[in-house]
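Peer 1: Keeping their order, the protein sequence lines are chains A and B. Residues in the first sequence are numbered from 1 upward in steps of one, following full-length UniProt numbering. Residues in the second sequence are numbered from 1 upward in steps of one, following full-length UniProt numbering.
Protein chains: 2
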Amino acid sequence: MAEYKSDIEIARAASKMPILEIGAKLGIPSEDLLPYGHDKAKVSADFIRSVQGRPNGKLVLVTAINPTPAGEGKTTTTVGLGDGLNRIGKKAAVCIREASLGPNFGMKGGAAGGGMAQVVPMEDMNLHFTGDFHAITAAHNLLSAMIDNHIYWGNELGIDTRRVAWRRVMDMNDRALREIVCSLGGVANGFPRQGGFDITVASEVMAILCLATDLKDLEKRLGDIIVGYRRDKSPVYCRDIKADGAMTVLLKDAMQPNLVQTLENNPAFVHGGPFANIAHGCNSVAATTTALKIADYVVTEAGFGADLGAEKFFNIKCRKAGLKPAAVVIVATVRAMKMNGGVNKEDLGKENVDAVNRGCANLGRHIENVKQFGVPAVVAINHFTTDTEVEIQAMKDFVASQGSEAVLCKHWANGSAGIEDLAEKVVKIAESGSAQFSPLYPDEMKLFDKINTIVQRIYRGSEAIADKSVRDQLHAWEAAGYGHLPVCMAKTQYSFSTDPNLRGAPTGHAVPVREVRLSAGAGFIVAICGEIMTMPGLPRTPSSEKIRLNDEGFIEGLF
Amino acid sequence: MAEYKSDIEIARAASKMPILEIGAKLGIPSEDLLPYGHDKAKVSADFIRSVQGRPNGKLVLVTAINPTPAGEGKTTTTVGLGDGLNRIGKKAAVCIREASLGPNFGMKGGAAGGGMAQVVPMEDMNLHFTGDFHAITAAHNLLSAMIDNHIYWGNELGIDTRRVAWRRVMDMNDRALREIVCSLGGVANGFPRQGGFDITVASEVMAILCLATDLKDLEKRLGDIIVGYRRDKSPVYCRDIKADGAMTVLLKDAMQPNLVQTLENNPAFVHGGPFANIAHGCNSVAATTTALKIADYVVTEAGFGADLGAEKFFNIKCRKAGLKPAAVVIVATVRAMKMNGGVNKEDLGKENVDAVNRGCANLGRHIENVKQFGVPAVVAINHFTTDTEVEIQAMKDFVASQGSEAVLCKHWANGSAGIEDLAEKVVKIAESGSAQFSPLYPDEMKLFDKINTIVQRIYRGSEAIADKSVRDQLHAWEAAGYGHLPVCMAKTQYSFSTDPNLRGAPTGHAVPVREVRLSAGAGFIVAICGEIMTMPGLPRTPSSEKIRLNDEGFIEGLF
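1. Classify Ala2 of chain A as helix, strand or coil using the three-state DSSP reduction.
2. Using a cut-off of 9 Å between C-beta atoms, extract the partners of Leu485 of chain A located in chain B.
3. Suppose you measure from the CA of Asn369 of chain A to the CA of Ala527 of chain A; what does that come to, to the nearest Å?
4. Mind checking His150 of chain A: buried by the 16 CB within 10 Å criterion, or exposed?
5. Mind checking if Leu184 of chain A is an interface residue toward chain B, Cβ cutoff 8 Å exclusive?
6. Just the chain B side, please: which residues come within less than 8 Å of Val181 of chain A by C-beta, in chain order?
7. What are the boundary residues of the alpha helix (DSSP H) that includes Phe129 of chain B?
8. What separation, rounded to the nearest whole angstrom, lies between the Cα atoms of Met1 of chain B and Glu389 of chain B?
9. Using the DSSP secondary-structure output, state which residues sit across from Ser519 of chain A in a beta bridge.
10. Would you list the residues sitting across from Leu259 of chain A in a DSSP beta bridge?
11. Please determine if the stretch 309-328 of chain A and the stretch 436-444 of chain A are in contact, where contact requires at least 3 C-beta pairs separated by less than 8 Å.
12. Tell me, which residues are paired with Asn382 of chain A by DSSP?
13. Give me the DSSP bridge partner(s) of Val513 of chain B.
14. To test your reading of the DSSP string, which unbroken alpha helix (DSSP H) runs of 4 or more residues are found completely within the stretch 82-143 of chain B?
15. Taking contact to mean at least 3 C-beta pairs separated by less than 8 Å, is the stretch 253-272 of chain A in contact with the stretch 83-99 of chain A?
16. For the stretch 519-538 of chain A against the stretch 358-365 of chain A, are there 3 or more C-beta pairs whose distance is under 8 Å?
17. If you follow the beta strand (DSSP E) that Phe496 of chain A is part of, which residue opens it and which one closes it?
18. Using a Cβ distance threshold of 8 Å, determine whether the stretch 192-204 of chain A contacts the stretch 160-167 of chain A, with at least three qualifying pairs required.
19. Give the range of the beta strand (DSSP E) segment to which Gln194 of chain B is assigned.
20. Counting only Cβ pairs nearer than 7 Å, list the residues of chain B close to Tyr36 of chain A.
21. Leaving out five residues on either side along the sequence, give the residues of the same chain with a beta carbon under 8 Å from the beta carbon of Leu218 of chain B.
22. Check whether the Cβ of Phe105 of chain B lies closer than 8 Å to any Cβ atom in chain A.
23. How far does the beta strand (DSSP E) with Leu363 of chain B in it reach, from first residue to last?
24. Output, in chain order, the set of chain E residues within a Cβ distance shorter than 8 Å of Pro542 of chain A.
25. Measuring only the C-alpha atoms, how far is Val343 of chain B from Ala380 of chain B?
26. Does the pairing of the stretch 174-191 of chain B with the stretch 528-540 of chain B give three or more beta-carbon distances under 8 Å?
27. Of all the CB atoms in chain B, is at least one closer than 8 Å to the CB of Ala117 of chain A?
28. In the stretch 195-216 of chain A, which residues sit with their C-beta less than 7 Å from some C-beta in chain B, listed in chain order?
29. So with Cβ pairs under 8 Å, would you call Asp171 of chain A a contact of chain B?
30. Tell me whether the beta-carbon of Glu301 of chain A lies closer than 8 Å to the beta-carbon of Thr507 of chain A.
31. Can you name the start and end residues of the beta strand (DSSP E) that residue 561 of chain A belongs to?
32. Taking any Cβ of chain B, which residues in the stretch 223-253 of chain A have a Cβ under 9 Å from it, in chain order?
33. Going by DSSP in three states, Val227 of chain B sits in which element: helix, strand or coil?
34. Just to confirm my understanding: we take Ala279 of chain B, look at its own chain, exclude 5 residues before and 5 after, and list those with CB closer than 6 Å. What are they?
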C-alpha cells in the first residue's frame, strides 16, 4: 500500500495562490476583498449589493446517509466536487461552514475536507479564522450583559428573573459553565439568578447571522429575539433592551462571507456554522446567495445525514432564502453500508457483500426522501482503499434499482481527477432542468402538523407525540403570530428514529417531542426529540494537552 | 470660535495610505506584513527575528500628571509627538495600547488619540481590531475549562476546589459574572464551586503577552501561571494542567504586533493593553522592541499618571525587557493645574493664575519622580482653547523653577505643525545622551521593602502598612523563589495617596496594602492598596443603547 500523507501534511504542502487572484476568478475586484493575511479575505458588502441583479448559478447540495463511525466524507466530497466541476470547465465555488474553536481542544479537529480535497489554510480555519465566531460571542454576551444590567438598574421592563431565556455563550467545551448561579456577591453585583453558557455555535445569533440577507435584515432579526418573559408570560424582546443596534455593529464584519481556496486553487466560501440540532446546520445565506451570483455552480453541504441536514436545508434555508437547488449528491461509503448492515468497525476491512446489500436500505430511504422535495439525487460512493469491486457494484446496483445512479469517486486520493464522473453527472442533472424544488410543507400548516409531517414523511415514524404542555405552547405561539415559521428538528443524527443505535431504515416508531423552543429572531420553532447538548465537555485526556508549537513553529496535535 | 469637527469625523475623513506603504517606511517587506483589511497589518515573527541584531533607536515615554476629569491627552500627545518627530525629519514610530471592547458599550469609547493627532482606523481599533483580545480571552478560558475538566475526571493533581485561583474572562462589562457558582446541575457538570469572571484586560494572559519577548518565552510564562493550590497550599501550575502549549497556539498570531497609521500617515504600533492597576499598563514589549529596531525614535505611553504608569514602565517593563528610555514627556494642561489648584470643572474656562500656581505642585512632584529614574523630563502643555497667555506662562515659569522646561503643544488643533517645538526639544535631550536610566530598586531587595520604596520615594507617603498575613505571604513567596520579582502597585490613579480626592502633592500619608497577589507568569507581585475592580459594570443608560449602523452604514454612538 502506498504511503499516505496526513491531511495536515498535504495542507501545509499546498501551493496556495494569493487570495486576490482567487477572488479575481469570480470577478471580485481587489478593493472588494478585505484580506486577512495573504490567504483569507472577506467579500465586501458593497460588492455583494452590486451583483444582486445578476441571474443565479446552479445550486448543488451535498448531503449524506446517517453518519457512522466509519466516516462518510461529506465535506471532502463537497470540496472535491467543486474542484471536479472546475476541472470540467465550469466556474464553480464551494460553500461550507466555519469550524467551532472549542471542540478542537477536546478531540482532534479538522473541518476542511481531507486528502486531496481540502480547503486551506486549514490551521487558521480551525483556530480564530477571520474572527466571525468571536464577534458572534461578543454580540451574544453584550445582550446578556444588557439584560442583567437592565434588571440591576430597576427592571423597568418587568422581566421575571426566573424566566430569562437568553443565556451566555463561549466558544469552548466547558461543562462547568452549563449551569451557574450568577450575580452573587451582594448588592453591587445584581440579583442572583440561575443562568448558564452554551457553546457559541448554539447561539441564536449564529443562526440569525446565517439566515440574514443583509445588515438591515440582521438587525431586524436580532431585535426579534425573545430574551425572557414577564410574570404574565408576555415576551421581552432584544429590541426592548435596545441591544440590536450595538449587536449589529459588532457583527458588521462577520456578516461578510469569507473567501479561501481549495488545494486546487478554486474558490471556497467558508461562512457561518450553526449547530445542526437546535439550529439548521447550514453555511450562511449571505455566502450561498453571493456565490450563486458570481459562479455558475455552487456546491454546498448541510449538517449530519439527509434526514436532518437536507430536510432543514430545504425546509428552512431554501424556503427562507428563496433558493432552488438543481441537484443533490448523497454521499455514502461501502464501509458505512456495511456498518448499517450490522458489521462491527473492526471487521470493515473484510469483503461482505451481504452486509452492503442489507445496509443499502438506509441509503435508499435518503434517496426517496430527497426526491420528495422535487430535486433529483445522485449517489457519490466515496472510495476507500479496502472497498472491493463486488461491494461497489452491489451499491451501484442497489441505487440503480431505486431509479438513481451511484458514481464512484476517488477525490480523496486523486483530487478533481478522481471525481470527474460525478461532476459530469451533476452537470447533466442540473442542466436538464428536471429539478422542481418545493418545501415539504406549506407555511400555513399548523406547527404540530409540520412536526408530524417530518416525522411521518422523512423519519417514517408512526407519529410525533407530545405532552399537552408542548402542544399548548405551540398553540400559544400560533396565536402570537409565529404559526408560519418552519420547524427545526433536534434529533439524534445516527438514526431515522430517536434511538441512535437503530441503524438501517426503521419504520413505525413514535417520535416523542420533549420540548419546543421559539427562535423568533432566527425564524424557526425548535422541536427537541431527545437529549440535546448545547455545551460540550472535554474528554479525560483532551487533545489540548498535546497541542503545541514545535521547534519549527508548526502546530502539533491539532489535527 | 471656529467650528471643530469631532474626532470620528476627522478620522473618517483621513486620507489613509495602504498599510503596506506604511510598513515600507520602516523597511518591512510586504511579505512580512499580514494584512487585516487594507489599513491594518501584523508584523511577522520572521521579520522580528531578522532585525534583532540591529542597534536600538531612541525610546521616549509619554506620561502625565494624575488624571483629572478635565482630561490631559496623553495618547493624543504620544501620537502628536510621533508625527512631530517625523515632521522634523526623524524616522519615528508610535507604540500605544489596544482598546478593550467591553467598556465601549458602557461609556462612549475612543482610545486612539484625538483631534488632529489620532491613529486610524479608529472604529476598528475600538471594536474587534485584529482579534488579539479575543485570542487572549480564548487562551485564558481554555485554561479555565481544562482546570475544571481535570477536577471532573478525578483531580489527579489534588487541586483544592476552594483554592482555584484562575478565574474566567470576558471582554465585556458584565457585573453579573463577577461572582458565580459554577458546575451546578448534577454529576455530569462537575463539582460546584465559587468562581467568577474578570474583564479580559485584567487577565494575567494579557500581562504575559505584553511582557513576553517571543513565542518560546510566552509559552514558558504561560506554564508558570499558578492556577490554584492543594490542601497543603502547594501551588498547581498551568504547566501541570498541560494547557501552556495549546494556549501558545491560540496566541500565536496575537503575539505579532499590529501596525496602523496616524492621520499623517506615520507608522503606529498598537499592541496589547493590560490593566494599569493589577497589571503594568503598557503596550507590548514585542511591539516596543521591534519598533526600536526599525525606527530612530519610538514614542510610547504608560497608563494613568506618572506615579503609577511611569513607575511601572520603568520598574517592570524597562527592567524586564532591558529598555533604556532616552527622554520622558510629562503631559499636563492648564485646566488640570487649575483643578489640582481647587477649581471646579464648571469654572475651568475662567482665567485663574493663582489656581494654576497652586496646582503645579502635582506636576512638580512628577518631574522630580521621573528624574529619580535617571531620565530627563520635559513637560508638554497640551493646549486648550480657553488657556490664557498668563496661565501658560505661569506653568512655564514653574517648570523652569524645577530645572526642566515646558513646551506649549497645539497638536490637537494643528497636528505635527503644532508640536514641532516639543519634537525638537525631545531630540535635543535624547541626542545629548544625558539619560542614565536605572530602576528604583534592585531585584534583590525584599518584596515589602520594594513596596515601601515606591510608597516613600514616589508617593511620598510615610510608609506602607500591611497586616501580618500580607507580610507572611510576601515572606513565603521569597522563600519559594519569587523574591526577585518587581512589584506592581494597584492604587487609585487620582492621587499620590490612596484617597482619590486628595489632589496636589500630599506627603506623609500611610499607604495600606490590603492584599498581595502573585502573577508568576507575568513575573510580578501585585500589591493592592484600595478597591480594585476587575470586572466593570454598565451604567444605567449604557452607550450600547445608542450604538447602531446608520443608513449610510456608518457607526453611530460609539464615539
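All C-beta atoms, glycine included, are put in the ideal place defined by N, C-alpha and C.
Peer 2: With the structure as the only source:
1. With a pLDDT of 47 at Ala2 of chain A, under the threshold of 50, the modelled position of this residue cannot be trusted; read the value that follows with caution. DSSP places Ala2 of chain A in the coil class of the three-state scheme, outside both helix and strand.
2. Residues of chain B whose Cβ lies closer than 9 Å to the Cβ of Leu485 of chain A do not exist, since the nearest Cβ in that chain is about 26 Å away.
3. Cα to Cα, Asn369 of chain A sits roughly 20 Å from Ala527 of chain A.
4. Buried: at least 16 other Cβ atoms inside 10 Å.
5. By this cut-off, Leu184 of chain A is an interface position.
6. Within chain B, the C-beta atoms nearer than 8 Å to that of Val181 of chain A come from Ile180, Val181 and Leu184, in chain order.
7. Careful: Phe129 of chain B lies outside any alpha helix (DSSP H) and carries neither H nor E.
8. Residue placement at Met1 of chain B is poorly supported in this model, since its pLDDT is 38, which falls under 50; the coordinates still yield a value, given next. Taking the straight line from one Cα to the other gives about 17 Å.
9. For Ser519 of chain A, which the question treats as bridged, DSSP gives the partners A:Phe524.
10. Residue pairing for Leu259 of chain A: DSSP places it in a beta bridge opposite A:Ala41 and A:Phe269.
11. Result yes; three or more Cβ-Cβ pairs closer than 8 Å.
12. Listed as beta-bridge partners of Asn382 of chain A by DSSP are A:Cys409.
13. Secondary-structure assignment with DSSP links Val513 of chain B through a beta bridge to B:Ala466.
14. Complete alpha helix (DSSP H) runs here, min 4: 122-125.
15. Segments in contact, yes.
16. Short answer: they don't touch.
17. Under the DSSP assignment, Phe496 of chain A falls outside any beta strand (DSSP E); it carries neither an H nor an E label.
18. The stretch 192-204 of chain A is in contact with the stretch 160-167 of chain A.
19. That run of the beta strand (DSSP E) goes Arg193 to Gly195.
20. Chain order gives the chain B residues near Tyr36 of chain A as Tyr36, where near means a beta carbon separation below 7 Å.
21. So the list reads Ile208, Leu209, Ala212, Thr248, Leu251 and Met255, once near-sequence residues are dropped.
22. So yes, Phe105 of chain B belongs to the interface.
23. For Leu363 of chain B, there is no enclosing beta strand (DSSP E); the enclosing alpha helix (DSSP H) has its first and last residue at Val353 to Gln372.
24. Here chain E cannot be found, since the structure's protein chains are A and B.
25. So the alpha carbons of these two residues sit roughly 21 Å apart.
26. Yes, they touch.
27. So, not an interface residue.
28. Residues of the stretch 195-216 of chain A with a C-beta atom less than 7 Å from some C-beta of chain B are Leu215, listed in chain order.
29. Contacts with chain B at 8 Å (Cβ-Cβ) include Asp171 of chain A.
30. No. Outside cutoff.
31. Look at the range of chain A in this structure, 1 to 559, and you will see that residue 561 of chain A is not part of it.
32. Listed by position along the chain: Ile241, Lys242, Ala243, Asp244, Gly245, Ala246, Met247, Thr248, Val249, Leu250, Lys252 and Asp253.
33. Strand, per DSSP.
34. Same-chain partners within the cutoff: Ala207.
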